[in-house]
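A.B. asks: For the record, the sequence lines run as chains A and B. Under our numbering, the first residue of the first sequence is numbered 3, with each subsequent residue one higher. Under our numbering, the first residue of the second sequence is numbered -18, with each subsequent residue one higher.
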Amino acid sequence: KAGVTQTPRYLIKTRGQQVTLSCSPISGHRSVSWYQQTPGQGLQFLFEYFSETQRNKGNFPGRFSGRQFSNSRSEMNVSTLELGDSALYLCASSLGVQGVQETQYFGPGTRLLVL
Amino acid sequence: QQQVKQSPQSLIVQKGGISIINCAYENTAFDYFPWYQQFPGKGPALLIAIRPDVSEKKEGRFTISFNKSAKQFSLHIMDSQPGDSATYFCAAEDNYGQNFVFGPGTRLSVLP
């Protein structure tokens, strides 16, 4: 099976711009979670999508949003970029069975630099 | 209460030595504890995981020890190798499969 893929791998934006990141989960996986990774804050949970619906949400401002398509692919959008949004954005996929603990499989991440 | 604490922040070990990373949690609803390994430029990958019904789990050179009463768990890497140099994250998930929390990570360097 192909792993989780994320595009683009690297991105440079300026403050105030918006950005859209894409994640394709492992085939058959219906849950996609997004994380922000920074040296200072570690891995922080952004949100989880399952069957095109946001199922869980972390503690991030509304500038961070996402969506999931019927094929389980997911996109994450950040509007009005700030310098502090510079980070590695990781997505992880799993089968998404409710009430069952599952392994999350991570993609390689998108490294975003905001200038 | 949702946090997972992890120590040390960084660790330097000689080749062949034992690497030990410790984690602690507060939320008693957590009952699945995976460890992830992350190499530079890569996403985290599951290394080994444990549930609280066992006190120890071993896979090759990697062992998780779990102390339910103390709400602590640790990763031991025996015969550490330079190829083990990576960042290690402990994590915890609740019994509903919803809350998934990572520790802040430990950067391990194994000297040749």
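No residue lacks a Cβ here, since even glycine has one placed at the ideal position from N, Cα and C.
Determine which residues of the region 90 to 110 of chain A have a Cβ less than 8 Å from any Cβ of chain B, and write them out in chain order.
C.D. replies: Within the region 90 to 110 of chain A, the residues whose Cβ lies closer than 8 Å to some Cβ of chain B are Leu92, Ala94, Val99, Gln100, Gly101, Val102, Gln103, Glu104, Thr105, Gln106, Tyr107, Phe108, Gly109, Pro110, listed in chain order.
A.B. asks: If distances are taken between C-alpha atoms only, which option among Gln62/B, Tyr17/B, Gln(-10)/B, Phe43/B comes closest to leucine 94/B?
C.D. replies: The question about residue 94/B has no answer here: the residues shown for chain B are numbered -18 through 93.
A.B. asks: Less than 9 Å between the C-beta atoms of glutamine 101/B and tyrosine 6/B, yes or no?
C.D. replies: The requested residue 101/B is not part of the displayed model; chain B covers only -18 to 93.
A.B. asks: Which whole-angstrom value is the C-beta distance of proline 25/B and phenylalanine 70/B, which I expect to be below 8 Å?
C.D. replies: Confirmed, Cβ separation roughly 6 Å.
A.B. asks: Of the residues that make up the region 17 to 49 of chain A, which ones have a beta carbon closer than 7 Å to any beta carbon in chain B?
C.D. replies: The residues in question are Gly44, Leu45, Phe47.
A.B. asks: According to DSSP, simplified to helix, strand and coil, what is aspartate 12/B?
C.D. replies: Strand at aspartate 12/B.
A.B. asks: Using the beta-carbon of each residue, which ones in chain A are nearer than 9 Å to proline 33/B?
C.D. replies: Those do not exist, as proline 33/B stays about 12 Å from chain A at its closest Cβ, beyond 9 Å.
A.B. asks: For a quick check, are the C-beta atoms of proline -11/B and glutamate 74/B less than 9 Å apart?
C.D. replies: Contact flag unset, no.
A.B. asks: To the nearest angstrom, report how far apart lysine -14/B and leucine 56/B are at their CA atoms.
C.D. replies: For lysine -14/B and leucine 56/B, the distance between alpha carbons rounds to 13 Å.
A.B. asks: At the 9 Å Cβ level, is proline 85/B part of the contact set with chain A, yes or no?
C.D. replies: With 9 Å as the cut-off, proline 85/B counts as an interface residue toward chain A.
A.B. asks: Between the region 8 to 18 of chain A and the region 53 to 62 of chain A, are three or more C-beta pairs nearer than 8 Å?
C.D. replies: With a cut-off of 8 Å, the region 53 to 62 of chain A and the region 8 to 18 of chain A do not count as touching, because too few Cβ pairs lie within range.
A.B. asks: If you scan the region 21 to 51 of chain A from start to end, which runs of the beta strand (DSSP E) of 3 or more residues do you find wholly inside it?
C.D. replies: If we require 3 residues or more, the beta strand (DSSP E) runs fully inside the region 21 to 51 of chain A come out as 21 to 26, 33 to 40.
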